[in-house]
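Worksheet for the structure shown next.
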Amino acid sequence: MRIHSVRVRNFKSLRDVHMRDIPNFAVLIGANGTGKSTFIDVFGFLRDCLSGNARTAVHKRAGFAQLVSRGREGEDIAIELKLDLAFADGRERRVTYLLEIGERDRRVVVKREQLRWTRGGGGKPFNFLDFAEGRGSAVEDRPDLQETALRREEVLLDAPEILALKALGQLKRFEAASQLRELIEGWQVSDFRIDKARMEPDAGPAEHLNEDGSNLALYAQFLHEEHPALFSDLLRRMADRVPGVAEVTPEDTGDGRIALRFRDAAFRKGFLARYVSDGTIKMFAYLALLSDPAPHPLLCIEEPENQLYPNLLPILAEEFAAYARRRRDHAQVFVTTHSPDFLAAVPLESIYWLRKHEGFSSIARGADDRQLRALVAEGDQPGWLWRQGLFRGADPA
Ligand SMILES: Nc1ncnc2c1ncn2[C@@H]1O[C@H](COP(=O)(O)OP(=O)(O)OP(=O)(O)O)[C@@H](O)[C@H]1O
Ligand SMILES: [Mg+2]
Numbered sequence: 061m062r063i064h065s066v067r068v069r070n071f072k073s074l075r076d077v078h079m080r081d082i083p084n085f086a087v088l089i090g091a092n093g094t095g096k097s098t099f100i101d102v103f104g105f106l107r108d109c110l111s112g113n114a115r116t117a118v119h120k121r122a123g124f125a126q127l128v129s130r131g132r133e134g135e136d137i138a139i140e141l142k143l144d145l146a147f148a149d150g151r152e153r154r155v156t157y158l159l160e161i162g163e164r165d166r167r168v169v170v171k172r173e174q175l176r177w178t179r180g181g182g183g184k185p186f187n188f189l190d191f192a193e194g195r196g197s198a199v200e201d202r203p204d205l206q207e208t209a210l211r212r213e214e215v216l217l218d219a220p221e222i223l224a225l226k227a228l229g230q231l232k233r234f235e236a237a238s239q240l241r242e243l244i245e246g247w248q249v250s251d252f253r254i255d256k257a258r259m260e261p262d263a264g265p266a267e268h269l270n271e272d273g274s275n276l277a278l279y280a281q282f283l284h285e286e287h288p289a290l291f292s293d294l295l296r297r298m299a300d301r302v303p304g305v306a307e308v309t310p311e312d313t314g315d316g317r318i319a320l321r322f323r324d325a326a327f328r329k330g331f332l333a334r335y336v337s338d339g340t341i342k343m344f345a346y347l348a349l350l351s352d353p354a355p356h357p358l359l360c361i362e363e364p365e366n367q368l369y370p371n372l373l374p375i376l377a378e379e380f381a382a383y384a385r386r387r388r389d390h391a392q393v394f395v396t397t398h399s400p401d402f403l404a405a406v407p408l409e410s411i412y413w414l415r416k417h418e419g420f421s422s423i424a425r426g427a428d429d430r431q432l433r434a435l436v437a438e439g440d441q442p443g444w445l446w447r448q449g450l451f452r453g454a455d456p457a
């Protein structure tokens, strides 16, 4: 999967932004309140619309009146993604997914939902999924048939707030819908919390680190038992970064819970996670997350720099970029940061910066700025250029 562009309208401060030519690793910078977290939340919102429905996703964000851009009350929120999907016939297609959400009689509904792509050699994009307020039609793409011979099936969903992608994505014959549904369900929008990561959860399965980090001990146990090579590599990298951390072991507390014990090379017995430093836990959680044997198709991380030693940030940035390359069909990683150190190892093409003008956000791309391109070509480092104020408008006025 590779998202090429994201266009958002009327979603909080994102009244109309279009992020284009998105690479596998994208880093968002910008002053406080310029809309970085809001942009990341667009992905969380889509995922919530799919796991629940449009109404529950809107209510999780305090209701439609709070979510729609100020001054745009009465209009719909619109999100359009262009992305590449690999089809069973081996070909890759660039599909467009459009979702518009609004209110009808004060009830949140899906105003429009479309999934389209261009068949074969050019021509107009064809709507394979076309819905409005719970009604619409879907077409099974049969490469052996002419466009005019494709059969359109009328479908009535259970409710106007349900995504057709969710209902029809269960059916394998709607290949793009089912792929996209599966991908979005696998998106991870991290809301990592150190206090949660220190917890000693009840024993149970965990094949991924969850978004708040509360299953870190279980997930570490999974890596330790099922992927010992990955786990020892993770420990080696941990030891390189956090002085003294010789070993981390998941252990049974004796009452059905799993705890993490961090052993310092200087002592025989290790410390339980709740007694080790914030940065130690956080570094371990990131390294574990990045060791995931089945990387998420999309991973979003906010401000990874907090609590971490600045010199470690460029390495971490490289590891995020490497994560995106590890998945066979490619993954994407979005990071927000306030740290010039983090940017030291990030190519200009990956850097986007947000600005705010009269209450609304706009987005610019490092590679589109001629001066920045020239300076980086001469050997200047993006983090340093940012400090010098050369990302115009990125600094607070
Ligand atoms: N409905 C809305 N319409 C317009 N603006 C809104 C709406 N709801 C919230 N905002 C504003 O959107 C802004 C963007 O906030 P956001 O949290 O995305 O910023 P950020 O770039 O992540 O900042 P920080 O660096 O502090 O984390 C906030 O300043 C908030 O006041
Ligand atoms: Mg933020």
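Each residue of the sequence shown is one higher than the one before, starting from 61 at the first, in this note's numbering. Yeah, the Cβ is synthetic: ideal placement off N, Cα and C, and Gly gets one too. The structure presented is a predicted model; accordingly, all values stated were derived computationally and were not measured.
{"query": "If you measure from the CB of ASN92, is any heavy atom of ligand 1 nearer than 7 Å?", "result": "yes"}
{"query": "Tell me GLY162's beta-bridge partners as DSSP assigns them.", "result": "VAL169"}
{"query": "Is the distance from the Cβ of ALA333 to the Cβ of LEU350 below 8 Å?", "result": "no"}
{"query": "Can you tell me whether ASP255 is helix, strand or coil according to DSSP?", "result": "helix"}
{"query": "Give me the residue from LYS72, ASP81 and ALA86 with the minimum Cα distance to ALA377.", "result": "ALA86"}
{"query": "Run the proximity test for THR396: is its beta-carbon closer than 7 Å to any non-hydrogen atom belonging to ligand 2?", "result": "yes"}
{"query": "Could you please give the first and the last residue of the uninterrupted beta strand (DSSP E) stretch that includes ILE222?", "result": "Looking at the DSSP string, ILE222 is not in any beta strand (DSSP E), and its letter there is neither H nor E."}
{"query": "Quick one: what does DSSP say TRP247 is sitting in, helix, strand or coil?", "result": "coil"}
{"query": "When the Cα of GLU163 is compared with those of ALA114, GLY443 and ARG387, which residue comes out closest?", "result": "ALA114"}
{"query": "Does at least one heavy atom of ligand 2 sit under 7 Å from the Cβ of SER250?", "result": "no"}
{"query": "Under a three-way DSSP split, which group does VAL436 fall into?", "result": "helix"}
{"query": "Put GLU365 into one of helix, strand or coil per three-state DSSP.", "result": "coil"}
{"query": "I'd like the span of the beta strand (DSSP E) that includes ILE411, first residue to last.", "result": "411 to 417"}
{"query": "Need the endpoints of the beta strand (DSSP E) that PHE420 sits in, please.", "result": "420 to 425"}
{"query": "Please classify TYR335 as buried or exposed, where buried requires at least 16 neighbouring CB atoms within 10 angstroms.", "result": "exposed"}
{"query": "Do MET79 and SER65 have their C-beta atoms closer together than 8 Å?", "result": "yes"}
{"query": "With which residues is LYS142 paired in a DSSP beta bridge?", "result": "SER65 and THR156"}
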